[in-house]
Amino acid sequence: MKRLFLFLFVAVLIAGCATTYYDSEGNPVPKEKMNQLRTAAVKAHLGEHRYRIFVDRMYPMRGPAVYLQYDWGMEVSGDSVGLFLPYFGRVYQIPYGRGGGLSLVEPLTSYKEEPMKDGRRIFMTTRNDFESYQIVLEVFDNATVSLIVNPSGKESISFSGVMELNDSFTPKGVKTSKKHQTSFMKL
């Protein structure tokens, strides 16, 4: 009896983990099509230099990884970058009256993109009144992200997360209509 119960529990758990995507009209979308749409959305965001990254895990240089429970991340909009990230690590210089996290909105001083397997690697630099920042962002086709921030007055810190893709996608050459729009709805 215990084995039957355990088998049924595992079967229900596996069935519950299966994700089905639906378009705006409620029709199921195949997994391959969703992967193509996700890859196209990632490339479009990177091409426009307008994207938002939400991180869910922090990897300090010293100590264990930390799961993050709030909306931490970064945003690139044209020629500017905004960081709203927590920070744990060694601080070498701290300006009077400042502290806590990596929080800034500043213009980018450089932005370079290069291809890598299954994604793009982006090198950015920016500076505020107190320190400069080197940022390395790896964005994969499935919208997962690896982020390394190297401030001049602190130890380097890494994060992992996802790129926000709350968009409607329209295939090239097709006029926008509800029939051809697909959004990420999970059920």
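Just add 61 to the spot in the sequence shown (first one is 1) and you have this note's numbering.
Beta carbons are placed, not taken as given, at the ideal position from N, Cα and C, and that holds for glycine.
Continuous beta strand (DSSP E) stretch holding residue i: start and end
i, result
"Glu93", "Premise fails: Glu93 lies in the alpha helix (DSSP H), Lys92 to Glu109, not in any beta strand (DSSP E)."
"Gln130", "Val127 to Ser138"
"Pro212", "Thr205 to Pro212"
"Ser221", "Ile218 to Met224"
According to DSSP, residues forming a beta bridge with residue i
i, result
"Glu167", "Val142"
"Leu198", "Ile183 and Leu208"
"Glu192", "The partner list for Glu192 (beta bridge, DSSP) is empty, contrary to what the question assumes."
Residue i, DSSP secondary structure in three states
i, result
"Tyr148", "coil"
"Tyr120", "strand"
"Lys258", "This structure cannot speak to residue 258, because the chain is shown only from 62 to 248."
"Lys215", "strand"
"Tyr112", "strand"
Buried versus exposed, by CB contacts within 10 Å (16 or more), residue i
i, result
"Tyr153", "exposed"
"Lys173", "exposed"
"His125", "Correcting the residue type first, residue 125 is Pro in the shown sequence and not His. Result: exposed."
"Phe220", "buried"
"Tyr194", "buried"
"Pro176", "exposed"
"Lys215", "buried"
"Pro232", "Because Pro232 sits at a pLDDT of 42, beneath the cut-off of 50, its placement in the model cannot be relied upon, and the point is left open."
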